[in-house]
Amino acid sequence: EAQVTQNPRYLITVTGKKLTVTCSQNMNHEYMSWYRQDPGLGLRQIYYSMNVEVTDKGDVPEGYKVSRKEKRNFPLILESPSPNQTSLYFCASSAPPSMNTEAFFGQGTRLTVV
Amino acid sequence: AQSVAQPEDQVNVAEGNPLTVKCTYSVSGNPYLFWYVQYPNRGLQFLLKYITGDNLVKGSYGFEAEFNKSQTSFHLKKPSALVSDSALYFCAVRGLSGGSYIPTFGRGTSLIVHP
Chain A
166 EAQVTQNPRY LITVTGKKLT VTCSQNMNHE YMSWYRQDPG LGLRQIYYSM
216 NVEVTDKGDV PEGYKVSRKE KRNFPLILES PSPNQTSLYF CASSAPPSMN
266 TEAFFGQGTR LTVV
Chain B
676 AQSVAQPEDQ VNVAEGNPLT VKCTYSVSGN PYLFWYVQYP NRGLQFLLKY
726 ITGDNLVKGS YGFEAEFNKS QTSFHLKKPS ALVSDSALYF CAVRGLSGGS
776 YIPTFGRGTS LIVHP
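From first to last, the protein sequence lines stand for chains A and B. One rule links them: number in the working numbering = place in the first sequence (from 1) + 165. One rule links them: number in the working numbering = place in the second sequence (from 1) + 675.
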């Protein structure tokens, strides 16, 4: 089954404690991205990747890091989480433009930073 | 930069009545347009897309959307709403290459269908 898998689904952590949210896709997609969803703001891009070792900032990259060492994985790293990073996070993957397909989303990770 | 506007935070409709959720967009070149739905505590589910061709696109669960290039709009519609359609709806646009290929989403519209 084609899917994007995020872990964990729920996480409560304390300010300053480094954490990683994993994202894995089994569709061999080149494009992967991270979004955060906040009430009234919709989904905002954090970082995206167009292929292995190719990453770039989205609209709200501050406080986040990513890596793309393998095609299937695109972890989101919060080196020193702060309460304003409390949010619902989604990972997505897409095939290349020539395929004209939609993006596939993970189930989301609800992060609370206290 | 590409952008999407969903002018209504919330749309209320009675069950059985037609519904419309509005979306306008801005993008360089030809747009790729999408609608996604999010049910409570769930991820985003793809509803439909416009890439090229007919301006009226049909998707899942009886939804359809009309692409209007002159008005840069891509409104979501359904002839007869169901209570189970109540959810958060997102419109998205993407370009053809590079960073623009990553979808940009609107703020979302909460659809509430009353029995």
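For every residue, glycine included, the Cβ atom is placed at its ideal position computed from N, Cα and C.
For residue i, which residues from the same chain have a beta carbon less than 6 Å from its beta carbon, with the 5 sequence-adjacent residues on both sides left out?
| i | result |
| --- | --- |
| residue 708(B) | 725, 749 and 768 |
| residue 789(B) | 689 |
| residue 787(B) | 687 and 761 |
| residue 729(B) | none |
| residue 187(A) | 172 and 240 |
| residue 185(A) | 240 and 242 |
Quick check: what's the CA-CA separation for residue i versus residue j?
| i | j | result |
| --- | --- | --- |
| residue 271(A) | residue 176(A) | 16 Å |
| residue 771(B) | residue 760(B) | 31 Å |
| residue 697(B) | residue 687(B) | 13 Å |
| residue 736(B) | residue 695(B) | 14 Å |
| residue 250(A) | residue 693(B) | 38 Å |
| residue 295(A) | residue 231(A) | The displayed coordinates of chain A run from 166 to 279. Any statement about residue 295(A) would go beyond what the structure contains. |
| residue 684(B) | residue 733(B) | 24 Å |
| residue 782(B) | residue 701(B) | 14 Å |
| residue 755(B) | residue 713(B) | 19 Å |
| residue 194(A) | residue 279(A) | 35 Å |
| residue 202(A) | residue 189(A) | 19 Å |
| residue 745(B) | residue 680(B) | 16 Å |
| residue 205(A) | residue 785(B) | 10 Å |
| residue 265(A) | residue 276(A) | 32 Å |
| residue 274(A) | residue 741(B) | 33 Å |
Taking residue i as the reference, give the member of the options with the closest Cα.
| i | options | result |
| --- | --- | --- |
| residue 191(A) | 234(A), 219(A), 183(A) and 167(A) | 167(A) |
| residue 226(A) | 205(A), 236(A), 170(A) and 246(A) | 246(A) |
| residue 743(B) | 715(B), 683(B), 685(B) and 706(B) | 706(B) |
| residue 710(B) | 758(B), 752(B), 773(B) and 756(B) | 752(B) |
| residue 212(A) | 229(A), 206(A) and 218(A) | 229(A) |
| residue 224(A) | 210(A), 236(A), 233(A) and 217(A) | 210(A) |
| residue 214(A) | 179(A), 267(A) and 222(A) | 222(A) |
| residue 722(B) | 785(B), 738(B) and 691(B) | 738(B) |
| residue 208(A) | 275(A), 274(A) and 255(A) | 255(A) |
| residue 258(A) | 170(A), 248(A), 182(A) and 196(A) | 196(A) |
| residue 180(A) | 248(A), 174(A), 199(A) and 219(A) | 248(A) |
Going along the chain, which residues of its own chain have a beta-carbon closer than 8 Å to the beta-carbon of residue i, five neighbours each way excluded?
| i | result |
| --- | --- |
| residue 703(B) | 677, 770 and 775 |
| residue 217(A) | 233, 234, 235 and 236 |
With which residues is residue i paired in a DSSP beta bridge?
| i | result |
| --- | --- |
| residue 765(B) | 711(B) |
| residue 174(A) | Note: residue 174(A) sits in no beta bridge, so no partner. |
| residue 242(A) | 185(A) and 230(A) |
Any idea if residue i is buried or exposed, counting beta-carbon neighbours within 10 angstroms, 16 or more meaning buried?
| i | result |
| --- | --- |
| residue 764(B) | buried |
| residue 682(B) | exposed |
| residue 779(B) | buried |
| residue 263(A) | exposed |
| residue 773(B) | exposed |
| residue 758(B) | exposed |
What I want to know is whether the C-beta of residue i ends up closer than 7 Å to one or more non-hydrogen atoms of the ligand NAP.
| i | result |
| --- | --- |
| residue 183(A) | This structure lacks the ligand NAP; in fact it carries no ligand of any kind. |
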